[in-house]
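Residues -22 to -1, 1 to 82 in mature numbering (1 follows the signal peptide of the UniProt record, and there is no 0) are what the sequence shown lists, from first letter to last.
Before any comments, here is the structure.
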Amino acid sequence: MKTSYILMLIVALVLSSFGCKAMPNTTADKPITVLDGNELCCNTCVCAYSNPPQCRCTDVKSYCHQSCKACACTKSIPPQCHCMDIKASCEVPCQKRCGEPPKS
């Protein structure tokens, strides 16, 4: 049973490394667009398997969003910050890939 989960994980990682490809006569060939800097977004969200879920954004940026209550930054130049808030769900991704709208 564990072997099948590991195999599925490896297959998923390999398939995700190919990225998205443009299909003819679709909007899939649009470039990656970044959302407005004022919007709350997260590219890498980690959730615990609990009820209710406990999610945290692990993106490292040069600042934290103004709605972040617990921001941790390094003293380096430029600073590397991440928000340590725990939420019940993930924010939308900060970028749209292949013309797809961000997941909500």
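Cβ coordinates follow ideal geometry from the N, Cα and C atoms, glycine included.
Predicted, not measured: the structure shown is a model, and the values here were computed from it.
Asked, Found
"Using DSSP with H/G/I as helix, E/B as strand and the rest coil, what is H43?", "coil"
"CA-CA distance, S28 and S40?", "30 Å"
"Please report the residue range of the beta strand (DSSP E) in which C51 lies.", "49 to 51"
"Pick helix, strand or coil for V70, following the three-state DSSP scheme.", "strand"
"Can you check DSSP and say which residues form a bridge with C19?", "V70"
"Beta-carbon separation of C35 and C20 under 8 Å?", "yes"
"Based on DSSP bridge pairs, tell me the residues matched to Q32.", "A26"
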